[in-house]
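Protein chains in written order, with the UniProt record's numbering: chain A, 1 to 424; chain B, 1 to 424. The structure under discussion appears below in the form of structure tokens.
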């Protein structure tokens, strides 16, 4: 008998009929003799509808009230699933994040979990009940106010509960039935992975794979909670995210998959004096504005004027702000004003991830040749121990994903199934 | 400077635009220098929509989960009003029933308030904030589960908070701008009362006046909390419910108004042995089934067979059950089986309420003559110290209300305004 935490996304709960289907799956798991804790996102578009209402009454709503409002969504789906479970003859009890002991930081809208004390959940489990916990929410210790965890919050709630309850596995159900070697919408023969290490999943998530949010994988890795990515619309076993790179025998080490990302923009600062402290000045400015930098490239300076250029990528929505901030930097006695600033949001990033890179030389060469053969120009390159990422025209993105997937023979025989909708 | 508790019904909050209007009113009250605590019902039809969803996933949903579900409605309206207030430049903080210290009994769906410990609300008030408290909900002390207060719950929450905070007045806002001498929809020149005592309001509520729920008036009377009934769609001062009968000088004692009720059915038990214990047997049966009896009439028995009849009224939805139960009563050695049972749900009740009755003889005579002159037949009469109620054909109800209102000259000069919609 195992303790299983299951998390269901909004698309799996968007109607009474889907809620009943999810409840059936939960009851089946319980009947197999397992203890079950379920974390639910808000139904379908509930969150967007609440956001819209909030925007109508106040374009800049206070964070505390916004959290009070949004958390209602998970309470609704949560209690409805509990009712559905009851109708299938099993005992269920729902808990708010606060009742389940999800303690967070004070920061409304994007709080971090600092502790999970699921005493009441444990009691209910011991009483043979199926426990439902509202995802995406917690309560902050200082003011006992309700907080929300921001994007991917429900996944994080599930993993955090699994860690606190020492669950055997955390199953994340959405409309995607696992982690694929590439987006099946772009590469029809993309193959679902049976297993993937935390590190590889982290790299995949970091470079744009939408299946799991980075923070949730980081949490799972930190507490060594195995995650199984499954679809609530099929009975596939999905993909198991667990173990570290070290567990993968070098001989077996392979390439994991191709990920892509359309969410970034490229900014180039021209005419930077090629001397110590100038780059630091650029990035300190951005850091102070809480703008996350992804790829960075500095060209060698031309001997003529001893000036250099720095190019970096950041989230598209932050790019205009970044440009303004850097333009605004006045010259000082140690620093002269920067030259021209270039801004480009027509870019896309394609990445190849895999533990195999460490042991198989020539991957980078193959990577670049594959893009060359597809007539795609590389604008920026950045690599990690187990990842290669390049920046290209966003119009070339799909072709690049397909070309790399093909070149590294990541595909399978049959065509991958794609489900509609997306979970939160 | 006073401490004012304001309660807004669902119809006052059914859209973003109405929520902003309510927020404006709240901020105005605050600007007048008062401390303000606001209790909100769920927006418009939210509760019905949630009930419908629940019914779809489980026709007989467990009470605990139902309460978890329904309380989301008040959280939503509550936080939205807080956001709207913020947009008008005032500071607001919303609280769930549990955060506001509304402690209730365990009974889900129809819990009673046992204690209110509004420590956090008081703190926020002292910090100059406008406090919003989700109505209709509380938390039970034993299991710390969320409970709901049943019909009229939000009004009761408001009065209970007003009592606990020693508020100067509890303003109940709905789509009706006060307590009228009769339903303005039936009697166009019905007059709005400026004042009414708790006892008179209790009688009015008990006999069908929809403005305030009985339990809320009982609570207000017990803790002597003045209630002002007002409309959120006008600036009328409404009706003040306060003081006791004793405060009304006999000379001034007058008749309050005419109330009517279509929600009851009449049940007649024929052929009951005219001896001690038989009536008790009837009403014990109904009491055990938690069926509330309203009017009761026992005819004198005919000497011939020494059998009598008992007629009573009860809520229409309970009447069929009552009939079945009484039919099911088998004869015992002390009790023979009852005779025939008659059931009639085409009845209506019209009542005249007023402290004046005590000091003005002949009111009952005038009452009956008024109905006679309108050609309306009386089927049942029941009276209290300050009330006369009669049961008639429901088709005669409107005419009866008009006739009595006219006969006792309760009307005013101008025509009363009627607003659309109804609050919870």
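Each residue gets a CB set at the ideal place from its N, CA and C atoms; glycine is no exception.
Proximity test, Cβ basis, 8 Å: residue i and chain A
i	result
residue 62 of chain B	yes
residue 65 of chain B	yes
residue 130 of chain B	no
residue 57 of chain B	yes
residue 190 of chain B	no
residue 72 of chain B	yes
Rounded straight-line distance, which links the Cα of residue j to that of residue i
i	j	result
residue 12 of chain A	residue 147 of chain B	28 Å
residue 286 of chain A	residue 389 of chain A	22 Å
residue 35 of chain B	residue 119 of chain A	39 Å
residue 125 of chain A	residue 2 of chain A	12 Å
residue 61 of chain B	residue 105 of chain B	20 Å
residue 71 of chain B	residue 241 of chain B	28 Å
residue 8 of chain A	residue 161 of chain A	14 Å
residue 433 of chain A	residue 168 of chain A	Past the edges of chain A, shown from 1 to 424, lies residue 433 of chain A, and the structure says nothing about it.
residue 186 of chain B	residue 102 of chain A	55 Å
residue 10 of chain B	residue 39 of chain B	11 Å
residue 304 of chain B	residue 272 of chain B	13 Å
residue 77 of chain B	residue 176 of chain B	20 Å
residue 394 of chain A	residue 231 of chain A	29 Å
residue 172 of chain A	residue 229 of chain A	5 Å
residue 317 of chain B	residue 165 of chain B	38 Å
residue 421 of chain A	residue 183 of chain A	Because residue 421 of chain A carries a pLDDT of 39, less than 50, the predicted location of this residue cannot be relied on, and the following value inherits that uncertainty. Cα to Cα, the separation comes out at about 14 Å.
residue 315 of chain B	residue 213 of chain B	16 Å
residue 329 of chain B	residue 337 of chain B	7 Å
residue 353 of chain B	residue 79 of chain A	44 Å
residue 383 of chain A	residue 294 of chain A	11 Å
Per-residue burial, residue i [other beta carbons within 10 Å of its own, 16 or more giving buried]
i	result
residue 322 of chain B	buried
residue 96 of chain A	buried
residue 129 of chain B	buried
residue 405 of chain A	buried
residue 179 of chain B	buried
residue 65 of chain A	buried
residue 75 of chain B	buried
residue 98 of chain A	buried
residue 31 of chain B	exposed
residue 275 of chain B	exposed
residue 235 of chain A	exposed
residue 48 of chain B	exposed
Residue-chain proximity (residue i, chain B), Cβ-Cβ < 8 Å
i	result
residue 86 of chain A	yes
residue 141 of chain A	no
residue 19 of chain A	yes
residue 75 of chain A	yes
residue 259 of chain A	no
residue 268 of chain A	no
residue 13 of chain A	no
residue 422 of chain A	Confidence is the limiting factor: at residue 422 of chain A the pLDDT is only 35, short of 50, which leaves the residue's position unreliable and the question unanswerable from this model.
Whether residue i touches residue j by CB criterion (8 Å)
i	j	result
residue 109 of chain A	residue 67 of chain A	yes
residue 220 of chain B	residue 211 of chain B	no
residue 193 of chain B	residue 239 of chain B	yes
residue 387 of chain A	residue 335 of chain A	no
residue 139 of chain B	residue 90 of chain B	no
residue 259 of chain A	residue 351 of chain A	yes
residue 364 of chain B	residue 257 of chain B	no
residue 270 of chain B	residue 342 of chain B	yes
residue 402 of chain A	residue 392 of chain A	no
residue 367 of chain A	residue 255 of chain A	no
residue 14 of chain A	residue 43 of chain A	yes
Chain B residues whose Cβ lies nearer than 7 Å to that of residue i
i	result
residue 82 of chain A	65
residue 54 of chain A	80, 83
Under 9 Å by beta carbon: chain B residues contacting residue i
i	result
residue 381 of chain A	In chain order: nothing, as chain B lies at least about 46 Å away.
Contact set between residue i and chain A, taken where Cβ atoms lie within less than 8 Å
i	result
residue 16 of chain B	53, 56, 57
residue 289 of chain B	Those do not exist, as residue 289 of chain B stays about 25 Å from chain A at its closest Cβ, beyond 8 Å.
residue 50 of chain B	76
Where residue i meets chain A, residues with beta-carbon distance less than 7 Å
i	result
residue 161 of chain B	The contacting residues do not exist; residue 161 of chain B stays about 18 Å from chain A at best.
residue 94 of chain B	65, 68
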